[in-house]
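In this note's numbering, the protein residues as written are 13 to 709.
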């Protein structure tokens, strides 16, 4: 970024005073259309301008402006000897511009070197320092805003490293103060009582609510942003630079907010990327970085709007709006501003939920144009470095995604439909492509309607089949709905489809450092806890491991039967809660018939009897299937109804003689409730931690 020093600003002060005092040349006499710094003052053939600049630089309180001027004029072959000769020559013919006011008007060229008032020049130099030091302050503030997150990331990385290398030390933090800090700051969600992950605002806007810790991080950062944006300004009185107060403040506010926004853009892109090195350093989830990305994007938009509006006020005061609006760099700035607003608007939860793939595609296209437009807007002022960084970060992320897809290669996946709610995808993986607990990958199905789409799913590495991975995909809309329709018309509801896998992604938690680990899963949230359970059981036989899985119906076990069987022989306790196990299918069906028909008719009575006979057979088959499942999984303890999570968590904490971790994955309500109950059961004298392993998109 541009950092200005006194020697450069000394030259800038003379240029500003001369430009506003006299009119020496136009673009035809300089031989160029735009000269950002030197202007015609570098032209040795225009001695009236060259000499006036030399005389002005000599009058300044510092001589540092002379080397800066010679550096700017290097392309014009201006030497120190040329400068001295111009100064000597100009000293013989100096005139005050007020002597010949008719020639000094802004529409006429002046052909004599100008003598400037010493007091005016000193004031101009002081004003120049204050004006352009705004850029230096903005640079410093921008670096603080970046450094703030880096400090948090590396501190989180330090704690993560300490947890892995010094578990006894970390497990010793279980006293009153430590638990109070976790209970009130690090573990809870934002709400006081009802813990929620997603919320709605004004019945229209919805989205993911940051945790209390994330909110604290963001709140401190927002305080810094506000302070840096509105404080530490010095008002310049009406002078040769500014004719009104709005001009002075407008430009300074615009410069500071614009530069600060530029600093945020590369970090904004980094936090949204899949290949974010800071995620590996900190151990933070992609969901946390994504949350910060969204709030940072909104902040960047506000700074961009402040910059744009402040420049409008500045230009109105100088009567420059019409002129500047015709310049290409200003028009690119307008485009970038509009795109930043559009990206924030269409990133709302409503659009992501109902047309996610369109959101991703349009977000990327607008992001590329935004970076290009911003670069074209700032390059003349020398602030394009941050746009280079943004482009490199964005390009590196896309490059690494392609590399990871190439490493996995094009494979044939075996896909099976289970009921109307789940797809099981089984793929042979390369031997050197190894997933790890809680890792996930983005899957591309090579079909004409969806080859360009990718969705993240937890990876389950098979214990039974070597070099084979599985994904368990809940059917929603879009791509999964299309696959559901396709498979429902295939024999045995199975098909083989070409696919590619991008990954693995995710962080490894140091769960081996706890004496007891209890996994809490509901519905389709079982794959992540299962992979970690198997990994820990295979490596740490002395560790006490428990798995609690909550499902609605017995049929849910069918698609995960193979994995559950693989747990046999490990030193683990597995509990499966079937919430609808006590409900008779026949009774449910008959109840529906009773609602839809007249119960007094003979036809209805006969229909009920026929239905009872048919469904009784189904219930017999269902009971046989349940008995078969329980026999195959005799090491699993099956329990009917909903689990009493409060009792489970309290008992597990009491039974554990050392540090215990609860790892939850499932629907939002289940995980949020688990978090709240763990917080309610924090006890002094025992380390209790909670891990939310969901990745929210």
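We put the CB at the ideal spot given by N, CA and C, even for glycine.
Since this is a predicted model, take the numbers as computed values, not measurements.
State the Cα-Cα distance for the pair residue i and residue j, rounded to the nearest angstrom.
{"i": "residue 54", "j": "residue 125", "result": "14 Å"}
{"i": "residue 257", "j": "residue 77", "result": "28 Å"}
{"i": "residue 207", "j": "residue 410", "result": "Bear in mind that a pLDDT of 48 at residue 207, under 50, signals an unreliable position, so the number given afterwards is only what the model happens to contain. If I take the Cα positions, the gap works out to 36 Å."}
{"i": "residue 68", "j": "residue 100", "result": "12 Å"}
{"i": "residue 144", "j": "residue 358", "result": "37 Å"}
{"i": "residue 641", "j": "residue 647", "result": "11 Å"}
{"i": "residue 346", "j": "residue 25", "result": "29 Å"}
{"i": "residue 531", "j": "residue 451", "result": "16 Å"}
{"i": "residue 573", "j": "residue 436", "result": "12 Å"}
{"i": "residue 106", "j": "residue 326", "result": "34 Å"}
{"i": "residue 169", "j": "residue 198", "result": "16 Å"}
{"i": "residue 703", "j": "residue 533", "result": "12 Å"}
{"i": "residue 56", "j": "residue 265", "result": "37 Å"}
{"i": "residue 556", "j": "residue 527", "result": "6 Å"}
{"i": "residue 161", "j": "residue 393", "result": "27 Å"}
{"i": "residue 363", "j": "residue 82", "result": "56 Å"}
{"i": "residue 644", "j": "residue 567", "result": "14 Å"}
{"i": "residue 376", "j": "residue 234", "result": "26 Å"}
{"i": "residue 187", "j": "residue 285", "result": "38 Å"}
{"i": "residue 298", "j": "residue 421", "result": "24 Å"}
{"i": "residue 476", "j": "residue 504", "result": "22 Å"}
{"i": "residue 111", "j": "residue 122", "result": "Because the pLDDT at residue 111 is just 43, under 50, the model does not fix this residue reliably, and the value given afterwards should be weighed accordingly. Using only the alpha carbons, I get a separation of about 12 Å."}
{"i": "residue 137", "j": "residue 34", "result": "17 Å"}
{"i": "residue 413", "j": "residue 592", "result": "42 Å"}
{"i": "residue 222", "j": "residue 231", "result": "11 Å"}
{"i": "residue 464", "j": "residue 458", "result": "8 Å"}
{"i": "residue 361", "j": "residue 673", "result": "32 Å"}
{"i": "residue 324", "j": "residue 543", "result": "57 Å"}
{"i": "residue 70", "j": "residue 127", "result": "11 Å"}
{"i": "residue 342", "j": "residue 548", "result": "59 Å"}
{"i": "residue 406", "j": "residue 259", "result": "37 Å"}
{"i": "residue 681", "j": "residue 301", "result": "22 Å"}
{"i": "residue 671", "j": "residue 515", "result": "32 Å"}
{"i": "residue 379", "j": "residue 348", "result": "9 Å"}
{"i": "residue 132", "j": "residue 88", "result": "29 Å"}
{"i": "residue 691", "j": "residue 652", "result": "26 Å"}
{"i": "residue 262", "j": "residue 313", "result": "18 Å"}
{"i": "residue 283", "j": "residue 639", "result": "50 Å"}
{"i": "residue 22", "j": "residue 142", "result": "12 Å"}
{"i": "residue 433", "j": "residue 494", "result": "13 Å"}
Give me whichever residues DSSP pairs with residue i in a beta bridge.
{"i": "residue 704", "result": "676"}
{"i": "residue 514", "result": "454"}
{"i": "residue 435", "result": "429 and 485"}
{"i": "residue 534", "result": "562"}
{"i": "residue 507", "result": "427"}
{"i": "residue 557", "result": "529 and 584"}
{"i": "residue 3", "result": "Nothing about residue 3 can be reported from this structure: the residues present for the chain run from 13 to 709 only."}
{"i": "residue 480", "result": "440"}
{"i": "residue 289", "result": "In the DSSP output, where bridge partners are listed per residue, residue 289 has none listed."}
{"i": "residue 342", "result": "Its beta-bridge partners do not exist; DSSP assigns none."}
{"i": "residue 201", "result": "223"}
{"i": "residue 664", "result": "Paired residues: none, contrary to the question."}
With 8 Å set as the bound, which would you pick, yes or no: does the beta-carbon of residue i sit closer than that to a beta-carbon of chain B?
{"i": "residue 574", "result": "Of the protein chains in this structure there is only one, and it is not chain B."}
Which residue comes first and which comes last in the beta strand (DSSP E) that contains residue i?
{"i": "residue 496", "result": "Unbroken run through residue 496 is the alpha helix (DSSP H), 491 to 499; no beta strand (DSSP E)."}
{"i": "residue 467", "result": "467 to 470"}
{"i": "residue 649", "result": "648 to 652"}
Over what stretch of residues does the alpha helix (DSSP H) that includes residue i continue unbroken?
{"i": "residue 238", "result": "224 to 242"}
{"i": "residue 724", "result": "Here the chain covers residues 13 to 709 and nothing more, so residue 724 does not appear."}
{"i": "residue 712", "result": "Because residue 712 is not part of the residues shown, which for the chain are 13 to 709, the question remains open."}
{"i": "residue 573", "result": "573 to 577"}
{"i": "residue 710", "result": "Since the first and last residues shown for the chain are 13 and 709, residue 710 lies out of range."}
{"i": "residue 26", "result": "18 to 33"}
{"i": "residue 121", "result": "Counting along the chain, residue 121 falls outside any alpha helix (DSSP H), and DSSP gives it neither H nor E."}
{"i": "residue 67", "result": "59 to 71"}
{"i": "residue 265", "result": "257 to 284"}
{"i": "residue 81", "result": "77 to 84"}
Exercise. Taking three-plus beta-carbon pairs below 8 Å as touching, is the segment 288 to 308 in contact with the segment 215 to 235?
Worked result: Two segments are said to touch when three or more pairs of C-beta atoms, one from each, lie closer than 8 Å; by this definition the segment 288 to 308 touches the segment 215 to 235.
Exercise. Does the count of Cβ pairs from the segment 512 to 522 and the segment 169 to 187 closer than 8 Å reach three?
Worked result: Three or more Cβ pairs closer than 8 Å define a contact, and the segment 512 to 522 meets that threshold against the segment 169 to 187.
Exercise. Do the segment 423 to 440 and the segment 498 to 510 touch if we need at least three Cβ pairs shorter than 8 Å?
Worked result: The segment 423 to 440 is in contact with the segment 498 to 510.
For this session: Decide yes or no for the touch test of the segment 672 to 682 against the segment 535 to 542: beta carbon pairs closer than 8 Å, at least 3 of them.
Result: A contact exists between the segment 672 to 682 and the segment 535 to 542.
Problem set entry | Start-end ranges of the alpha helix (DSSP H) lying completely within the segment 346 to 421, minimum 4 residues | Fully contained in the segment 346 to 421 are the following alpha helix (DSSP H) runs of length 4 or more, in chain order: 361 to 366, 368 to 390 and 397 to 420.
Exercise. With contact counted as at least three CB pairs below 8 Å, one residue from each stretch, are the segment 315 to 323 and the segment 346 to 355 in contact?
Worked result: Result yes; three or more Cβ-Cβ pairs closer than 8 Å.
Exercise. Quick one: any contact between the segment 693 to 701 and the segment 189 to 196, if contact means 3 or more CB pairs under 8 Å?
Worked result: Short answer: they touch.
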